[in-house]
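One structure is given below, encoded as structure tokens.
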Amino acid sequence: MKIKNVVIGLIVLILLGSVSQITGIKDIHEDFRKNIIDSISSNFSIKAEAALLLDLESGKVIYAKNDHKRLFPASTTKILTALLAVEYGNLNDRITVGKEVQFKTDGESTAWLKEGQVLTLRELLAGLMLPSGNDAARTIAIYIAKKQMGNPQASEEKALDYFVSMMNKKAKEVGAIDSHFMNPHGLHHPNHYSTAYDLGKIANEAMKNSNFKEIVSNKVYSDEGITYQNSNQLLNSSSAFYYEGANGIKTGFTDEAGYCLVSSAERNGKKLIAVVLKSSKNRVWDDSITLLTNGFTSEYVKK
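Per this note's numbering, the sequence shown starts with residue 2, numbered consecutively.
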């Protein structure tokens, strides 16, 4: 009996001593080993109010925390704006910035557009997604809306309203049924909301578009006329938050929304999307990195 207890004790000690390096356990049945890995992975700490981790190829939810809770999305809204732009516009379209630049509010993020400036849609999308220009969001929205309306003489206000209706329609089409958008940029409005799950669905759809994916993966966009630096620190090799394999997607912040990030990364052919909503300035990066790292090292699914 004493021998049996000693053996059991040794097994327990081996398991406890090895749990931080679970891949080194050789003598445990594979199913039991996988269950331990799953248990460890699904209990990592995410501080954000809501989070989601998706497998991009299958759309499978790998991790979820309050993923259907309605929250303010801030500038992650621009993922949907960009998705509509690449679907209904041509990246080489030349667009004249109009009087919508006068709609800006103090302190909002900007791509430094000027009335009368002529830019390609590609340049405007870079201004939208890298420095998170609200001015670029309005110019893109008005251009796409007028094009779809078949009415280039429509007022800026009417065109913006039309584009918002396009946004809400597209959101429903991709399965983002708990979202409602009021503008193309994400500035706070009480009726402008989404969920981690919905943003994951929208991002998943957007990343299937090669033009969208190419734009959001740029650390810097530069041509003869403009240079934009990406606010996504996961892409910045000189940042403390650099993440190997990161290739998008969009940051966001307002006082009401907190710090938000929809990120993506690819390693060894595996593609992931992580959504973090209502986090803090530094924790938003830590939470995103935690999600992506666990997605690449685990095969669990938390439902």
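Ideal placement from N, C-alpha and C gives every residue a C-beta, glycine not left out.
Remember, it's a predicted structure, so these values are computed and weren't measured experimentally.
Coarse secondary structure for residue i, derived from DSSP in three states
| i | result |
| --- | --- |
| Thr255 | strand |
| Gln149 | helix |
| Ala52 | strand |
| Arg95 | strand |
| Ile216 | helix |
| Lys272 | strand |
| Asn248 | strand |
| Gln103 | helix |
| Gln234 | helix |
| Ala197 | helix |
| Ser239 | coil |
| Ala266 | strand |
| Leu161 | helix |
| Leu129 | helix |
| Asn6 | Note on Asn6: pLDDT 41, under 50, position unreliable in the model; the coordinate value appears next. Reduced to three states, the DSSP call for Asn6 is helix. |
| Leu292 | helix |
| Leu120 | strand |
| Leu72 | strand |
Close Cβ partners of residue i (< 6 Å) along its chain, the five nearest in sequence each way excluded
| i | result |
| --- | --- |
| Thr111 | Gly134 and Asp136 |
| Ala160 | Ile143, Ala146 and Lys147 |
| Val285 | Tyr260, Leu262 and Val277 |
| Ser76 | Ser133, Gly187 and Gly253 |
| Gly90 | Leu122 and Ile145 |
Assigned exposure category for residue i - 16 Cβ within 10 Å defines buried
| i | result |
| --- | --- |
| Gln234 | buried |
| Leu292 | buried |
| Asn184 | buried |
| Gly259 | buried |
| Lys61 | exposed |
| Ser238 | exposed |
| His186 | buried |
| Ala354 | One cannot answer for residue 354 here, as it falls past the ends of the chain, which runs 2 to 304. |
| Val217 | buried |
| Glu206 | buried |
| Ser309 | In the structure as shown, the chain starts at 2 and stops at 304, and residue 309 therefore has no counterpart that could be examined. |
| Glu124 | buried |
Close-in-space but distant-in-sequence residues of the same chain around residue i (CB under 8 Å, 5 per side omitted)
| i | result |
| --- | --- |
| Lys282 | Tyr260 |
| Lys272 | Asp56, Leu57, Glu58, Met208, Ser265 and Ala266 |
| Thr228 | Val221 and Tyr222 |
Identified DSSP bridge partners for residue i
| i | result |
| --- | --- |
| Lys66 | Ala52 |
| Glu109 | Paired residues: none, contrary to the question. |
| Val221 | Gln230 |
| Ser280 | Tyr260 |
| His181 | Tyr194 |
Cut-off 7 Å between Cβ atoms - residues of its own chain near residue i, not counting five sequence neighbours on either side
| i | result |
| --- | --- |
| Lys48 | Ser280, Arg284 and Asp288 |
| Phe104 | Arg139 |
Determine contact between the segment 95-103 and the segment 167-184, defined as no fewer than three beta-carbon pairs at a distance below 8 Å.
-> They do not touch, by the three-pair rule.
Given 8 Å, three or more beta-carbon pairs between the segment 42-56 and the segment 168-175 = no
Could you tell me whether the segment 196-203 touches the segment 67-78, using the rule of 3 or more Cβ pairs below 8 Å?
-> yes
Do the segment 110-124 and the segment 213-232 meet, that is, are 3 or more Cβ pairs less than 8 Å apart?
-> Flag = yes, the segment 110-124 and the segment 213-232 touch.
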